[in-house]
Structures are given as C-alpha cells and as structure tokens.
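Q: Okay, handing you the structure first.
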Amino acid sequence: MFSPYGDSSWVLRLFIVLVVFFLSSSHSLSWSLHPSHINSMAMHKSKTAISDFRLLNRRTLMECPDTSPFLQVNVTSNSKLSDEEYLTVTVSGVLFPSDRDWVAMISPSHSNVESCPFNEVLYAQTGDLSTLPLLCHYPVKAMYMKNDPGYLSCKKKQCKKHSKGKCVVTSCSGALTFHVINIRTDIEFVFFGGGFETPCVFSRSGPISFANPEKPLYGHISSIDSTGRSMRLTWVSGNMEPQQVQYGDGKTLTSEVTKFSQDNMCSSTLPSPAKDFGWHDPGYIHSAVMTGLEPSSTFSYRYGSDSAGWSEQIQFRTPPAGGSDELKFLAFGDMGKAPRDASTEHYIQPGSLSVIEAMADEVDSNKIDSIFHIGDISYATGFLVEWDFFLHQISPVASRVSYMTAIGNHERDYIDSGSVYITPDSGGECGIPYETYFPMPTPAKDKPWYSIEQASVHFIVISTEHDWSQNSKQYEWMKKDMASVDRSKTPWLIFMGHRPMYSSSDNAFSVDERFVEEVEPLLLENKVDSWSLSRISQFGYLRGHATKKELNLEFVNSDTKKVEDSFRIIKTQGSS
50 MFSPYGDSSW VLRLFIVLVV FFLSSSHSLS WSLHPSHINS MAMHKSKTAI SDFRLLNRRT
110 LMECPDTSPF LQVNVTSNSK LSDEEYLTVT VSGVLFPSDR DWVAMISPSH SNVESCPFNE
170 VLYAQTGDLS TLPLLCHYPV KAMYMKNDPG YLSCKKKQCK KHSKGKCVVT SCSGALTFHV
230 INIRTDIEFV FFGGGFETPC VFSRSGPISF ANPEKPLYGH ISSIDSTGRS MRLTWVSGNM
290 EPQQVQYGDG KTLTSEVTKF SQDNMCSSTL PSPAKDFGWH DPGYIHSAVM TGLEPSSTFS
350 YRYGSDSAGW SEQIQFRTPP AGGSDELKFL AFGDMGKAPR DASTEHYIQP GSLSVIEAMA
410 DEVDSNKIDS IFHIGDISYA TGFLVEWDFF LHQISPVASR VSYMTAIGNH ERDYIDSGSV
470 YITPDSGGEC GIPYETYFPM PTPAKDKPWY SIEQASVHFI VISTEHDWSQ NSKQYEWMKK
530 DMASVDRSKT PWLIFMGHRP MYSSSDNAFS VDERFVEEVE PLLLENKVDS WSLSRISQFG
590 YLRGHATKKE LNLEFVNSDT KKVEDSFRII KTQGSS
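Take a look at the structure:
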C-alpha cells in the first residue's frame with residue numbers, strides 16, 4: 050500500500066481489521082428461548098458477542114429451591130474500598146454445592162436484581178422474547194463458585210447443627226477473588242444459583258462503599274495540534290466541581306467539566322442497553338489543556354483538588370513537532386479490555402492485557418512518542434461501567450504519551466443514528482461516551498475526523514462510520530487535507546481508518562466495496578500501490594519509526610514481544 054515514486058506521493062494507509070471473540074458455554078439444564086432469539090443470535094453474534102452472561106437480564110428469575118438458612122456472603126474488607134483492590138468473597142452455609150452456583154458484582158448496590166415484569170417490551174430488540182420477570186440491572190462481572198477447587202467437594206466443612214453430641218447438619222463454603230476498581234458507586238456481591246441460564250438469588254453481601262468516590266482517576270493525554278507544545282489531559286471524577294492540573298514548573302490550570310446522561314444515549318423504538326439495563330453513571334469528565342510545553346521533552350503533572358484528592362505525580366513525554374525529523378509511534382485497533390481476575394464480563398478481548406503490558410514496557414523505555422488506537426476502543430457497547438475498566442487498563446501508557454484515537458463501529462453505530470452502517474454495534478452509545486472520554490482535534494461534535502503532524506509524518510484519521518461518499522463533508526475534508534500536505538516538511542502521509550479497505554480474509558463482508566469505490570480513487574491520486582505480503586493472526590501492534598529519509602514498520606507479537614514481520618521504505622537520492 051505504498052507508492053514507489055518520490056517522497057511527494059508516499060502514502061501509508063493503515064486500516065484495522067476487526068477481530069471479535071465470543072464467550073460460550075454448554076447448557077446442562079433444559080431451557081429455551083423464543084425462536085426469534087435464535088435468529089437474532091446468529092445475526093448479531095459477530096457484532097455484539099452475545100454470551101450467556103450477557104443475556105442475564107433476559108432470564109426469568111426463579112425462586113431458588115432448598116435455600117439454606119445458614120447462607121452468608123462475606124467480603125474481606127475491614128474498611129471502605131481503595132481505588133483498586135483484590136477482594137475475597139466468601140460464601141458459607143451452603144448445604145448443596147452446585148456447579149451452577151455463581152457470584153456477581155452489582156453496581157450500584159441498590160440495583161434491582163430481582164424481577165421487572167413490566168419491562169418485557171424493552172428487551173425485544175435483541176430478539177429474546179422469553180418469559181419474564183428478568184434481571185433489571187446488568188451485573189458488572191460474575192464468577193462461578195466452582196472456581197474454588199474445594200467448593201464442589203465441600204473441602205471446607207462447618208457443622209451447623211448438633212444432636213446428641215453428633216453433627217447432623219454440615220454446610221460447605223467457598224471463596225473467590227474479585228478485582229475491583231473505583232467506579233464511584235457502592236457495590237454489592239450477590240450469590241446466585243441456577244447458572245447464567247436460569248438464575249435465582251440465594252443471598253447478598255450488603256453494600257460496600259469506596260473510600261473516596263470523588264477521587265480523580267484514569268487520566269490520559271492527547272495532542273491538540275502539530276506543535277508538540279500543547280497537550281490535553283482528560284480524567285474522571287465523582288466530583289462535579291472544577292479541578293486543577295499542576296504541571297511543569299508550578300503551572301496550574303482549571304478543568305472544564307462535562308457529563309453525559311442516560312437521556313443522551315441513542316435508542317430505537319425500544320430502549321438500547323445504554324439507555325436501559327446497561328447504564329452506569331459515568332461521573333464527571335474533566336479536561337484541561339497544558340500549554341507552554343516543549344516538543345520531544347519530558348514533563349510531570351498531577352490532577353485533582355484538595356477536596357476530591359490528587360492523582361500521583363506522573364511523568365509524560367510530548368511528541369515531536371510537525372516538520373522535525375524522527376518519530377517513534379505505536380498503532381493498533383480493537384483492543385477492548387479483559388478482567389484481571391477469573392471473572393466473566395460483558396465483553397472480553399483476551400489479548401488486550403498482553404498488548405497493554407508490552408506497550409507499557411516500550412513507553413517505560415522512553416522510546417515511544419505517541420500511540421494511535423484506531424477504532425473499537427473499549428467495547429463497552431452500551432454497558433457503561435466497562436469504560437472505567439478500560440480507562441484503568443490503558444493508564445500505564447495513555448497517561449504518559451499522546452494517546453490518539455479513531456472512532457469505530459462499536460463506539461458509533463446504531464439504528465437511525467446517522468451512521469453509515471445500520472447495526473446495533475454501539476449498544477446505543479452513538480459515539481457520545483467515546484467523544485467525551487477521548488476529545489480529539491476534530492472539526493466538531495460527531496465529526497470525528499482530523500489530521501495531525503508529528504515529526505516527518507502527516508497523519509489523517511478518518512471515521513469509517515460516517516459518510517465518506519464523494520461530496521460528503523468528510524470526503525471534501527479528506528480531499529482538502531491531502532492537498533494541503535507539504536511533502537518537504539512531512540514526506541510521509543499515513544491514512545488511518547477503522548474498517549479495512551483491503552483484506553486477505555476469506556470473509557466476504559470484511560471489506561465494504563462501496564468504501565473502496567468512493568475513497569480509493571482519492572488515494573490513487575497520490576500514486577498509491579496496493580499490496581499484501583503477510584497475514585499474521587496474533588495479538589500485537591504496529592511499531593513505527595520514521596525519519597525524513599526512511600520509514601520502518603514492524604508487527605510486534607505482544608505475547609513474545611518479538612517482531613513477527615517488518616518492512617521499510619527508503620527515500621532514494623534525487624527523488625522529488
């Protein structure tokens with residue numbers, strides 16, 4: 050996908066191929082859904098990764114049989130929760146351990162996990178028209194009790210009743226470890242029976258609070274222009290009052306505060322997950338632009354306030370200014386997040402942990418100037434609490450170098466929302482959480498395309514989810530931006546978008562031919578050859594190194610941290 054001609058026409062087009070993983074389990078109990086759900090499952094599986102856990106809030110909530118009078122759910126926390134903890138949840142007093150017993154983390158703690166008999170119509174958009182009542186609020190995460198190897202065998206026994214000096218009633222117990230981060234609202238652990246398919250409530254732990262629900266958290270930085278002298282810092286807090294960022298040699302800025310609500314979420318005739326059972330309060334999103342910086346330099350900052358608390362002191366690196374020589378960057382797409390415990394969650398991308406850990410090592414080496422995440426950011430898809438877990442996961446890198454993003458289908462697409470593709474992929478988010486958490490230097494709201502220069506590279510970041518047809522606003526912007534590139538200043542032009550224009554996949558739907566027909570001619574005007582020599586199905590990311598004379602690109606396997614493939618383009622003397 051490179052031009053062999055002079056530096057005036059070299060263009061790299063980077064498109065991210067969507068890879069989705071699914072969770073599944075066998076059903077050992079007789080259970081059936083409305084036939085239309087089966088059709089919906091097949092139709093939407095590649096888009097929404099429906100799993101048994103995701104369908105919890107579609108299930109009839111049954112009365113648990115043989116409820117033990119000795120049941121207790123206890124959590125090992127002697128005080129209020131810190132910003133990150135591993136909690137041990139112990140279920141005791143169980144008379145008949147089952148491999149279908151499980152524990153869920155609920156937030157907020159007052160969430161109704163019992164029945165919603167009047168909400169049947171709200172859930173029909175997934176195709177599940179099974180009988181109700183059902184769970185009214187979606188659990189944050191869940192884990193089967195059999196994860197404790199001694200639970201089913203009743204290794205931990207307690208005598209609950211004696212008769213004539215002998216134990217006549219014995220109960221069993223088990224313990225699970227949950228990774229918990231500060232999501233501002235109280236949490237509670239609920240002990241269920243019946244598996245994910247036929248859930249019933251046995252017992253609850255009672256509410257557990259965070260020590261500081263207003264704590265400023267999950268700060269991440271991004272570039273606002275091509276100078277390398279200004280950086281935007283964005284963070285989340287449970288406090289609505291403006292806070293500060295302190296940086297450099299005693300500089301202080303006050304934050305702008307934004308928030309989105311349940312009413313801002315998209316919906317069709319029937320409420321979407323974001324509008325209904327997947328909603329979780331996002332807190333307040335703070336943002337401030339640090340100015341007066343020097344490009345390719347290291348500074349430190351902290352954010353917060355005396356009343357809400359302060360972050361730790363964090364060191365960050367500014368990117369090189371556009372037009373300078375050397376740039377080292379990373380790029381990838383479709384990362385999402387994964388639990389740091391044995392939990393099942395709504396959407397899990399198993400390779401995300403190795404990717405973030407490998408990139409963190411690169412950032413720690415002080416050899417990376419910026420990162421580009423090209424679409425499908427958190428995969429929250431209408432289950433809003435998952436944004437917090439994603440922001441927590443990327444903190445080791447996004448808080449220290451410029452973290453630039455592009456919008457993908459799982460952030461934007463929804464029925465009747467103006468997106469190019471009419472799918473339920475965003476779960477009703479319609480780009481609102483994405484644009485609030487990741488403000489990029491775009492023309493306006495819901496126009497998430499932009500360009501930025503770093504050293505010898507001119508990056509064009511488009512939205513494949515908004516109209517890209519000829520004469521559309523985005524197309525005209527792309528045409529104008531490409532024409533404005535000064536190749537003597539930035540000889541490399543890298544064009545980024547979430548959906549692929551070319552693919553070696555056998556899937557007939559992996560490439561939209563309309564996209565190719567509309568946009569490719571614009572790129573061909575820059576004398577771009579299209580080619581593909583290698584296909585690697587591994588978790589990893591692209592590592593780029595550009596100077597004005599050479600561009601080197603490598604695919605790094607995040608598990609082994611080894612380079613699986615690479616190539617480079619060298620500017621020859623005398624090229625124009």
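Its first residue numbered 50, the sequence shown is counted upward by one per residue in my numbering. Yeah, the Cβ is synthetic: ideal placement off N, Cα and C, and Gly gets one too. Note that the structure is predicted; figures quoted are calculated from it, not measured.
Closer than 6 Å by C-beta to THR97: which residues in its own chain qualify, once you throw out the five before and the five after it? Chain order, please.
A: With a pLDDT of only 41 at THR97, under the threshold of 50, the placement of this residue in the model should not be trusted, and no figure is reported.
Q: Which one or two residues does DSSP pair with LEU591 in a beta bridge?
A: ALA380, PHE604
Q: In its own chain, which residues sit with a C-beta less than 7 Å from the C-beta of GLN6, not counting the 5 before and 5 after it?
A: The requested residue 6 does not occur in the structure, where the chain is confined to residues 50 to 625.
Q: Please classify THR491: does DSSP put it in a helix, a strand, or coil?
A: coil
Q: Which whole-angstrom value describes the C-beta separation of ILE423 and MET408, a residue pair presumed to lie in contact below a C-beta threshold of 8 Å?
A: Actually they do not touch by this definition, with Cβ atoms about 14 Å apart.
Q: Who are the near neighbours of SER559 in its chain, counting only those whose CB is closer than 6 Å to its CB and skipping five residues on each side?
A: If we look at SER559 and ignore the five residues flanking it on each side, its Cβ neighbours are SER552.
Q: Given a cut-off of 8 Å on the beta-carbon distance, is the pair LEU433 and TRP328 in contact?
A: Yes; because the gap between Cβ atoms is below 8 Å, this pair is in contact.
Q: Here's the rule: buried if 16 or more other CB atoms are within 10 angstroms of the residue's CB, otherwise exposed. What is THR301?
A: exposed
Q: Taking the C-alpha atoms as reference points, what is the distance between LEU379 and GLY243?
A: 45 Å
Q: Can you find at least 3 beta carbon pairs, one from the stretch 248 to 265 and one from the stretch 482 to 489, that sit closer than 8 Å?
A: no
Q: For a quick check, are the C-beta atoms of ASP425 and HIS395 less than 8 Å apart?
A: Contact: no.
Q: Ends of the alpha helix (DSSP H) at VAL565?
A: 562 to 573
Q: Hey, how far is the Cα of SER79 from the Cα of ASP132?
A: Note on SER79: pLDDT 24, under 50, position unreliable in the model; no value is reported.
Q: Count the other CB atoms, across all protein chains shown, that sit within 10 Å of the CB of TYR135; report buried if there are 16 or more and exposed otherwise.
A: So TYR135 ends up on the exposed side.
Q: Per DSSP, what are the beta-bridge partners of GLN442 in this structure?
A: Per DSSP, none; premise fails for GLN442.
Q: Among LEU225, GLU112, LYS213, THR219, which residue has its Cα nearest to the Cα of PRO198?
A: LEU225
Q: Could you pull the start and end residues of the beta strand (DSSP E) that LEU542 belongs to?
A: Per DSSP, LEU542 belongs to the beta strand (DSSP E) from 541 to 546.
Q: With the cut-off set at 8 Å, would you say PRO369 and ASP418 are in Cβ contact?
A: In this structure, ASP418 lies closer than 8 Å to PRO369 by Cβ.
Q: Who are PHE251's beta bridge partners in DSSP?
A: Paired residue(s): none; PHE251 is not in a bridge.
Q: What are the residues that DSSP puts in a beta bridge with CYS221?
A: Per DSSP, VAL143, LYS206.
Q: Kindly list the residues whose CB is nearer than 6 Å to the CB of SER254, restricted to its own chain and excluding five residues on each side of it in sequence; keep chain order.
A: VAL122, VAL124, GLU237, PHE238
Q: Can you find the residues in the same chain that come closer than 7 Å, C-beta to C-beta, to VAL506, ignoring five residues on each side of it along the sequence?
A: LEU376, THR539, TRP541, ILE543, ALA595
Q: Closest to PHE348 by CA distance: which of PHE564, LEU282, THR472 is it?
A: LEU282
Q: Under a Cβ-count criterion, where at least 16 other Cβ atoms within 10 Å of its own Cβ denotes burial, should GLY593 be classed as buried or exposed?
A: Residue environment: GLY593 is assigned as buried (16 or more neighbouring CB atoms within 10 Å of its CB, all protein chains considered).
Q: Residue range of the alpha helix (DSSP H) that TRP526 falls in?
A: 522 to 532
Q: So, are the CB atoms of ALA532 and SER392 less than 8 Å apart?
A: Their beta carbons are not under 8 Å apart, which means ALA532 does not touch SER392 by this criterion.
Q: Exposed or buried, which one is THR609 when buried takes at least 16 other CB atoms within 10 Å?
A: exposed
Q: Measure the alpha-carbon distance for PHE70 versus GLN311 and round it to whole angstroms.
A: Note that PHE70 has pLDDT 24, beneath the 50 cutoff, so the model's placement of it is unreliable and no number is given.
Q: Taking only three categories from DSSP, how would you classify TYR551?
A: coil
Q: Which one or two residues does DSSP pair with TYR333 in a beta bridge?
A: SER286
Q: Figure out for me which residue from THR139, GLY268, GLY546, GLU613 has the closest Cα to the Cα of SER451.
A: GLY268
Q: Just checking, does the stretch 347 to 363 make contact with the stretch 395 to 405 on the three C-beta pairs under 8 Å criterion?
A: Contact between the stretch 347 to 363 and the stretch 395 to 405 is absent, because fewer than three Cβ pairs lie under 8 Å.
Q: Under three-state DSSP, which class holds ALA260?
A: coil
Q: Less than 8 Å between the beta carbons of SER271 and MET154, yes or no?
A: no
Q: Kindly indicate the opening and closing residues of the beta strand (DSSP E) around SER271.
A: 266 to 272
Q: Check each candidate in TRP498, HIS515, SER448 and name the one with the smallest Cα separation from ASP628.
A: Outside the shown range of the chain (50 to 625) lies residue 628, about which nothing can therefore be said.
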